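Take a look at the structure below.
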Amino acid sequence: MLDWKNRAGSAPERAAEPKSATRSYLGGLLFSRALATLIAIYLLVAIALGWYWSQEPALFPVQQNAQIAAEKEGKQMVIGYTTVETLKTVAGTLLTKPGGYISNDRFPPGLWMDNTPSWEYGVLVQVRDLSRALRKDFARSQSQSTEDADLAKAEPRFNFDNKSWVLPSSESEYQEGINSLSRYQARLSDPSQKSALFYARADNLNNWLGDVGTRLGSLSQRLSASVGRVKLNTALKTEVIAPGQVPQVDEEIVETPWMQIDNVFYEARGQAWALSHLLRAIEVDFADVLAKKNATVSVRQIIRELEASQEPVWSPMILNGSGFGVLANHSLVMANYISRANAAVIDLRQLLNQG
């Protein structure tokens, strides 16, 4: 009898149990849906930001940009001012473009993007080369002269690790490099300051163009390797070859890994973008030298090839068709422009040496 009463008394409790379980299930379902909605919104925002951040900066007018900067600072447009201002602007673009500097990002959408970091690295390579040329050649009268203190600080700043996130970040180091260039530029354009110098000589320009040619030649080979091809080993051999004996030629198949094809392409785009601006600045500051050597047209030919490589890519992905296949091969098209620019650099260096 007592056991029956206990069972009867617990009937309401048993009736409430399904309702509690239902509320718990519905609460969990609502939480899951809310969480899924938030994740979906986050992904959509990240994808939209990634698309916006991946837009490459447009070309800017070099001489007009330098004139505006000089008027704003109240400085004179002396020889070398345009080159330094253009280098500052190119380096600053890495920090101020949409999304800022992305190569060292640790969170989406920057973490998911690989084309933009490759473009940034290409720009950084040219910034490093010219900052070294400024320190080593352009700002020194001869090899035994003292280097400029601010340029000596700028070069190592730009050569800092491009993927450092904090302590210190890559952005802070590159900004310090830009600040050092600004101090050198301020002294260069101040008539009362005699310590900052810029020597627009043919030999100085030729030394920097040697680095440019090396970079372009390497890019051309890497872009052409998007389709596998047999390459002859051009390394020098030390063994002595007997008279009448035919030297053995080694062959190897060179092909860019499939996942690296777009990275090489956008690195080349970045280098071409930066170099086209730097050469326009060189054309301004070295105008007399180029005119005496009849080399102005050669510089403009290089610039034309580099700017032609900046045409918009309408395909949603970098295509890698065979050389004469149905699909396009964007890497080979880029290699064509880079190779022609490199050939023009070789001609320009010959004019500077012999013209």
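Counting with this note's numbering, you get residues 3 to 357 for the letters of the sequence shown. Here a beta-carbon is modelled for each residue, glycine too, at the ideal position from N, C-alpha and C. Values in this document were obtained by computation on a predicted structure and should not be read as measured data.
Please report the straight-line C-alpha distance between residue i and residue j, rounded to a whole angstrom.
i, j, result
"LEU190", "VAL64", "19 angstroms"
"VAL335", "ILE263", "13 angstroms"
"ASN296", "TRP114", "48 angstroms"
"PHE267", "SER333", "6 angstroms"
"TYR54", "ASP192", "41 angstroms"
"SER172", "VAL328", "42 angstroms"
"LEU280", "GLY101", "24 angstroms"
"ARG306", "SER341", "13 angstroms"
"SER311", "TYR339", "6 angstroms"
"TRP6", "LEU40", "Low per-residue confidence applies at TRP6: pLDDT is 47, beneath 50, and the placement is therefore not dependable enough to give any value."
"ASN355", "VAL47", "55 angstroms"
"THR258", "VAL315", "20 angstroms"
"PRO111", "SER56", "10 angstroms"
"GLN223", "LYS74", "43 angstroms"
"LEU292", "LEU51", "44 angstroms"
"GLY82", "SER143", "14 angstroms"
"TYR195", "GLU175", "Per the sequence presented here, residue 195 reads as Gln, with Tyr not at that position. Roughly 27 angstroms separates the two Cα atoms."
"ALA270", "PRO245", "44 angstroms"
"LEU199", "VAL301", "24 angstroms"
"ALA141", "SER226", "37 angstroms"
"ASN206", "PHE288", "10 angstroms"
"ASP134", "SER324", "It should be pointed out that residue 134 corresponds to Arg in this sequence rather than to Asp. Approximately 39 angstroms between the Cα atoms of the pair."
"GLY212", "ILE43", "50 angstroms"
"PRO318", "ALA72", "40 angstroms"
"ALA151", "TRP260", "45 angstroms"
"PRO158", "LYS165", "15 angstroms"
"ARG185", "ASP139", "18 angstroms"
"PHE109", "ILE49", "13 angstroms"
The alpha helix (DSSP H) with residue i in it runs from where to where?
i, result
"LYS196", "Per DSSP, LYS196 belongs to no alpha helix (DSSP H) and is neither H nor E."
"ARG217", "204–226"
"TRP275", "263–287"
"ILE305", "298–310"
"VAL80", "That residue, VAL80, is in no alpha helix (DSSP H); it is neither H nor E in DSSP."
Would you please state the rounded distance, in angstroms, between the beta carbons of residue i and residue j? I believe it to be under 8 angstroms.
i, j, result
"LEU132", "TRP210", "7 angstroms"
"SER182", "ALA202", "Wrong, their Cβ atoms sit about 21 angstroms apart, outside the cutoff."
"VAL214", "VAL92", "Contact flag wrong, Cβ pair sits at about 14 angstroms."
"SER228", "ASN331", "6 angstroms"
"GLN187", "VAL86", "5 angstroms"
"ASN265", "SER120", "4 angstroms"
"GLU309", "LEU61", "7 angstroms"
"GLU149", "ARG137", "6 angstroms"
"GLY219", "ASN344", "5 angstroms"
"LEU363", "GLN128", "The requested residue 363 does not occur in the structure, where the chain is confined to residues 3 to 357."
Under a Cβ-count criterion, where at least 16 other Cβ atoms within 10 Å of its own Cβ denotes burial, should residue i be classed as buried or exposed?
i, result
"GLN273", "buried"
"GLU285", "buried"
"ARG35", "exposed"
"TRP275", "buried"
"GLY76", "exposed"
"VAL125", "buried"
"ILE304", "buried"
"PRO170", "exposed"
"TRP167", "exposed"
"TYR103", "buried"
"GLN78", "exposed"
"GLY179", "buried"
"ALA283", "buried"
"SER147", "exposed"
"THR118", "buried"
"ASP163", "exposed"
Helix, strand or coil: how does DSSP classify residue i here?
i, result
"ASN67", "helix"
"GLN177", "helix"
"ASN355", "helix"
"ASN331", "strand"
"ASN322", "strand"
"ASN161", "coil"
"PRO119", "helix"
"TRP6", "Caution applies to TRP6, whose pLDDT of 47 falls short of 50 and renders its modelled position unreliable; the model cannot decide the point."
"THR39", "helix"
"ALA60", "coil"
"TYR201", "coil"
"ILE104", "coil"
"ARG53", "Checking the displayed sequence, the identity of residue 53 turns out to be Trp instead of Arg. Residue state, collapsed to three classes: helix."
"VAL47", "helix"
"GLU73", "helix"
"ALA156", "helix"
"LYS99", "coil"
"LYS295", "coil"
"ALA141", "coil"
"LEU126", "helix"
"TRP114", "helix"
Please confirm whether any heavy atom of the ligand FAD lies closer than 8 angstroms to the CB of residue i.
i, result
"SER341", "This structure lacks the ligand FAD, and indeed carries no ligand of any kind."
Taking only beta-carbon positions, decide if residue i is within less than 9 angstroms of chain C.
i, result
"GLY212", "Absent from the structure: chain C. Only one protein chain is present."
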